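Q: Residue numbering for the sequence shown follows numbering that gives the first Met the number 0, beginning at 0 and increasing consecutively.
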Amino acid sequence: MTEPQMNGPTTAVHAAETPLGGNFVAAPDLPPIAQGPAPTPPACTESAGSWCDQIYRLTHNDWLASSAEWLVAKPLNILLILVIAFVVRWLARRVINRLTSGNGIKTPAILRPLRERAPAGLSALNSERRRQRARTIGSVLKSITSFVVFGLAFVLILGELGIQLGPIIASAGILGVALGFGAQNLVKDFLSGMFMMLEDQYGVGDWVDLGEASGTVEAIGLRVTTLRDVGGTVWYVRNGEVIRVGNSSQGFAVAVVDLPVSYEADVEQATRLLAAVAEEATSDDSIAQHVLEPPEVLGVEQVSAESLTLRLTVKVRPGQQWRVQRVLRGRIMAALEDAGFEPPMARLFGTGPQGGSSTAQQGDA
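Put into structure tokens, the structure is as follows:
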């Protein structure tokens with residue numbers, strides 16, 4: 000059997016493996032399929048062990064590999080920064096709590112390097128004074144620690160996100176200046192309160208004179224000090240408005256007793272009587288525990304048109320000067336009258352507003 004002739008170029012044929020009607024059918028030999036160039040991995044895979052290289056090895060996806068830095072690395076870095084910030088803040092606050100804690104007897108550790116003007120004797124007021132002082136200082140330290148730690152964490156997070164810090168810092172500076180002008184009184188109050196605490200200018204239980212208000216300190220805050228005067232009125236004084244402080248409860252106090260006597264009185268005899276009565280009175284159980292030194296008669300303190308004034312002083316415990324003064328004044332006045340010393344004329348005939356005696360004015364009326 001002759002093979003059929005085909006016009007045109009000769010085409011290579013090969014026998015098919017499946018017979019058809021006893022004859023093999025010739026099939027054309029197809030050319031191989033052309034394959035494109037092999038995919039090029041992203042440039043970030045050149046760094047072996049990087050997130051990009053690892054993601055590309057796992058997925059062979061260019062987009063995932065190129066975005067691995069933003070999808071995996073940066074979130075993990077930000078999470079690590081936040082975790083470290085919270086851990087550091089927790090540790091710092093724990094240390095501050097240990098330094099500021101203390102019972103009524105033991106002084107908090109944070110106060111030991113600082114000067115304390117409270118009386119040496121322990122009492123409930125002194126314990127409360129120490130606790131409140133330590134608590135306020137601890138609150139300031141905690142706020143400063145939180146501000147510093149989270150401020151640094153915020154800056155590091157911005158750096159991870161690739162945000163330029165220069166414009167932000169400039170804007171923050173302008174905003175800080177604006178807030179400083181608007182809240183300068185508040186900042187002044189806080190700074191004054193902090194220095195009052197650090198210097199221990201006064202504490203809970205102290206009797207202080209702040210100028211416009213005077214009384215016993217009931218509470219001290221960073222912004223406001225609370226006083227209660229002898230009439231029971233509560234005064235709230237801003238710390239920034241306190242220019243000078245007179246504290247009658249630090250270290251020791253002096254009980255000053257001024258006693259008027261008439262011009263006809265024997266000053267030397269009156270002085271000896273004052274010394275003897277004061278010595279006896281200060282030995283009394285009611286005030287003896289508050290007296291630190293023996294009484295001292297200073298002599299004639301003042302000469303007026305009506306009388307001579309003799310002065311007696313006693314060094315006592317802080318805050319007890321008024322009690323000692325009342326006891327001494329009552330004892331000495333009774334002793335002077337028993338000894339025959341006549342009171343000055345001003346005690347019997349008060350001067351009226353027009354210069355005449357009150358007795359004469361009552362007679363005219």
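Note that beta-carbon positions come from the ideal geometry of N, C-alpha and C, so glycine has one too. Predicted model, so just to flag it, every value in this text is computed and none were measured.
Taking the alpha helix (DSSP H) that residue 232 belongs to, which residues open and close that run?
A: It is not in any alpha helix (DSSP H) - residue 232 carries neither H nor E in the DSSP assignment.
Q: Could you tell me which of 86, 132 and 90 sits nearest to residue 99, measuring between CA atoms?
A: Out of 86, 132 and 90, 132 has the C-alpha closest to the C-alpha of residue 99.
Q: For residue 232, count the other beta carbons within 10 Å of its own beta carbon; 16 or more makes it buried, fewer makes it exposed. Which is it?
A: Residue 232 is exposed by the Cβ-count criterion.
Q: Whole angstroms is fine: what's the gap from residue 313's alpha carbon to residue 184's?
A: When rounded, the distance between both Cα atoms is 42 Å.
Q: So, at 6 Å on beta carbons, what are the nonlocal neighbours of residue 144 in its own chain, with the 5 sequence-adjacent residues on each side left out?
A: 91.
Q: Extract the residue ranges of the beta strand (DSSP E) inside the segment 284-311, only unbroken runs of 3 or more that lie entirely within it.
A: Fully enclosed beta strand (DSSP E) runs of 3 or longer: 295-302.
Q: Closer than 7 Å by C-beta to residue 156: which residues in its own chain qualify, once you throw out the five before and the five after it? Chain order, please.
A: Correct list, in chain order: 77 and 80.
Q: Quick one: is residue 89 buried, meaning 16 or more other Cβ sit within 10 Å of its Cβ, or exposed?
A: Exposed: under 16 other Cβ atoms inside 10 Å.
Q: Count the C-beta pairs between the segment 259-274 and the segment 208-218 that are closer than 8 Å, then say yes if the count reaches three, no if not.
A: Touching, no, given that fewer than three Cβ pairs across the two stretches are closer than 8 Å.
Q: Can you give me the start and stop residues for the alpha helix (DSSP H) that residue 212 sits inside?
A: That residue, residue 212, is in no alpha helix (DSSP H); it is neither H nor E in DSSP.
Q: Use the C-beta contact count for residue 337: other C-beta atoms within 10 angstroms, 16 or more gives buried, fewer gives exposed.
A: So residue 337 ends up on the exposed side.
Q: Can you name the start and end residues of the beta strand (DSSP E) that residue 259 belongs to?
A: Its beta strand (DSSP E) spans residues 252-260.
Q: Starting from residue 227, follow the beta strand (DSSP E) in both directions and report where the run begins and ends.
A: It spans 223-227 - the beta strand (DSSP E) in which residue 227 sits, taken as one unbroken run.
Q: Report the three-state DSSP secondary structure of residue 162 (helix, strand or coil).
A: Three-state DSSP puts residue 162 in coil, outside helix and strand.
Q: Residue 245 by DSSP, collapsed to three states: which one?
A: Of the three classes helix, strand and coil, the one that applies to residue 245 here is strand, per DSSP.
Q: Could you say which of 323, 241 and 166 lies nearest to residue 188 if we only look at CA atoms?
A: Taking only the C-alpha atoms, the option nearest residue 188 is 241.
Q: Using the Cβ count rule (16 or more neighbours within 10 Å means buried), how would you classify residue 176?
A: It counts as exposed.
Q: Using CA atoms only, rank isn't needed, just tell me which of 130, 137 and 158 is closest to residue 74.
A: If we check each option's Cα against that of residue 74, 158 comes out closest.
Q: Below 8 Å on the Cβ atoms is my contact criterion, and I expect residue 251 with residue 316 to pass it. Report the Cβ-Cβ distance as a whole number of Å.
A: Confirmed, Cβ separation roughly 7 Å.
Q: For the segment 153-202, list the alpha helix (DSSP H) runs that are entirely contained and at least 4 residues long, ordered along the chain.
A: 164-181 and 183-198, all fully within the segment 153-202.
Q: Using 8 Å for Cβ pairs, my map puts residue 290 next to residue 323. What's the rounded Cβ distance?
A: Correct: roughly 7 Å between the Cβ atoms.
Q: Taking the alpha helix (DSSP H) that residue 337 falls in, what are its first and last residues?
A: Element bounds for residue 337: 320-337.
Q: So, with DSSP's three-state summary, where would you put residue 218?
A: In the structure shown, residue 218 sits in a strand (DSSP, three-state: E or B).
Q: Helix, strand or coil, according to DSSP, for residue 97 in the structure here?
A: Residue state, collapsed to three classes: helix.
Q: Considering only residues of the same chain and omitting the five flanking positions on each side of residue 87, which have a CB-CB separation below 7 Å?
A: Result list for residue 87: 148, in chain order.
Q: Quick check on this structure: which residue in 197, 152 and 224 has the alpha carbon closest to the alpha carbon of residue 82?
A: With distances taken between Cα atoms, residue 82 lies closest to 152.
Q: State buried or exposed for residue 238, treating a residue as buried only when at least 16 other CB atoms are found within 10 Å of its CB.
A: Residue 238 should be labelled buried.
Q: If you drop the 5 nearest sequence neighbours on each side, which residues of the same chain put their C-beta closer than 6 Å to that of residue 366?
A: With the chain covering 0 to 364 only, the question about residue 366 has no answer from this structure.
Q: Name, in chain order, the residues that DSSP records as bridge partners for residue 139.
A: Residue 139 is not bridged to any residue.
Q: For residue 135, collect the residues of the same chain with a Cβ closer than 6 Å to its Cβ; drop the 5 residues on either side in sequence, then sort them by chain order.
A: Around residue 135: 196.
Q: Check whether the Cβ atoms of residue 226 and residue 244 sit closer than 9 Å, and answer yes or no.
A: Contact flag unset, no.
Q: Is the separation between the beta-carbon of residue 266 and that of residue 230 shorter than 9 Å?
A: Contact flag unset, no.
Q: Between residue 114 and the rest of its own chain, which residues show a CB-CB distance below 8 Å, the 5 nearest in sequence each way excluded?
A: For residue 114, the pLDDT reaches just 48, beneath the cut-off of 50, and the residue's location in the model is therefore unreliable, although a value from the coordinates is still provided. Closer than 8 Å at the Cβ level, and outside the excluded window around residue 114, lie 198 and 199.
Q: Would you list the one or two residues that DSSP bridges to residue 89?
A: Residue 89 pairs with nothing; no bridge assigned.
Q: From what residue to what residue does the beta strand (DSSP E) around residue 208 run?
A: Residue 208 -> beta strand (DSSP E) spans 206-208.
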